[in-house]
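> In our numbering, the protein residues as written are 616 to 905. Ideal Cβ placement from N, Cα and C applies to all residues, glycine included. Model, not experiment: these values are computed from the prediction.
1. Would you mind giving the Cβ-Cβ distance between residue 760 and residue 802, rounded to the nearest angstrom? I have them listed as a contact below 8 Å.
2. Just to confirm the assignment: which complete alpha helix (DSSP H) runs, minimum length 4, are found wholly within the stretch 728-803?
3. Going by DSSP in three states, residue 861 sits in which element: helix, strand or coil?
4. Quick check: is any heavy atom of the ligand FMN less than 7 Å from the C-beta of residue 683?
5. Output yes or no for whether 8 Å exceeds the beta carbon distance between residue 664 and residue 634.
6. Does the distance from the C-beta atom of residue 807 to that of residue 758 stay below 8 Å?
7. Comparing alpha-carbon positions, which option in 818, 823, 858 lies nearest residue 798?
8. What distance in whole Å lies between the Cβ atoms of residue 899 and residue 876, which are believed to be in contact at a cut-off of 8 Å?
9. Tell me, to the nearest whole angstrom, how far the beta carbon of residue 738 is from that of residue 728; I am working on the premise that it is less than 8 Å.
10. Starting from residue 881, trace the beta strand (DSSP E) both ways and give me its first and last residue.
11. Determine the direct distance from the alpha carbon of residue 783 to that of residue 606, and round the result to whole angstroms.
12. Would you mind working out which of 870, 630, 817 sits nearest residue 667, comparing C-alpha positions?
13. Okay, do the stretch 819-836 and the stretch 783-793 touch, 3+ Cβ pairs below 8 Å being the bar?
14. Around the Cβ of residue 721, are there at least 16 other Cβ atoms within 10 angstroms (buried) or fewer (exposed)?
15. Since residue 899 sits in a beta bridge, which residues does DSSP pair it with?
16. Candidates 858, 850, 730, 812: which alpha carbon is nearest residue 821's?
17. Taking the runs of the alpha helix (DSSP H) that are 4 residues or longer, which of them lie wholly in the stretch 695-725?
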């Protein structure tokens with residue numbers, strides 16, 4: 616029995632659609648790094664564009680692409696999810712001959728072993744993201760992104776508290792570090808040039824070194840005191856976090872070309888306000904260098 620192909624029915628006077636596809640597909644994958652194998656559970660979005668003359672895309676082709684590319688990645692022991700996303704973006708254009716553009720996004724939880732101030736080790740969770748975009752007869756662009764949760768201590772609150780204490784008590788030691796804290800969510804996204812590789816671990820290190828102090832799942836009492844002390848000795852606005860991220864990116868990636876895109880974000884969930892504070896810079900390495 617021949618079934619109707621409703622998606623391929625031609626229409627007139629309609630609009631082209633930029634992205635059509637599937638979103639939130641969950642799949643396991645194992646990435647092979649030089650020193651370890653990393654199991655991940657990916658949340659996958661896969662899209663193509665749709666011309667104005669067709670009613671719909673063939674969604675099942677996107678799922679087939681996801682399954683077959685991930686299976687190929689396992690057999691070939693692919694070393695990064697960025698590589699997998701690029702393979703999938705190209706494969707989508709092969710399957711959808713009417714499409715001129717494809718976009719694939721992966722999102723997953725990633726774990727690294729970290730030590731608390733006392734040396735207690737624990738697997739800490741981070742967010743790892745990647746995006747690949749392909750255009751027919753054109754190159755495939757890839758982006759890597761990471762997210763880390765840290766703590767920031769407010770510099771304004773610290774200085775105004777010291778001044779108010781001085782006025783009320785007649786004296787305030789310069790070491791008075793009273794202020795309010797925020798849980799800070801820092802993110803960094805970078806384009807990956809053709810033939811280059813950017814390590815997620817290094818991007819996470821940049822984020823954690825840019826906040827007032829990193830956070831940990833396991834903290835004993837002395838650890839807690841040291842984290843509190845470290846953060847108050849290193850107070851930062853969200854603006855400071857973004858600028859420190861950018862400065863470290865310029866320093867560590869001196870070998871990458873000027874056209875590499877960089878997005879740095881810092882969001883602090885305020886403790887004495889009902890809102891959050893946010894800062895971002897969307898730029899290129901060349902602009903930062905100049």
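Short version:
1. 6 Å
2. 770-784
3. helix
4. In the structure on display, the ligand FMN does not appear, and there are no ligands present to speak of.
5. yes
6. yes
7. 823
8. 6 Å
9. 6 Å
10. 876-884
11. Any question about residue 606 goes unanswered here, given that the chain covers just 616 to 905.
12. 630
13. no
14. buried
15. 876
16. 858
17. 696-710
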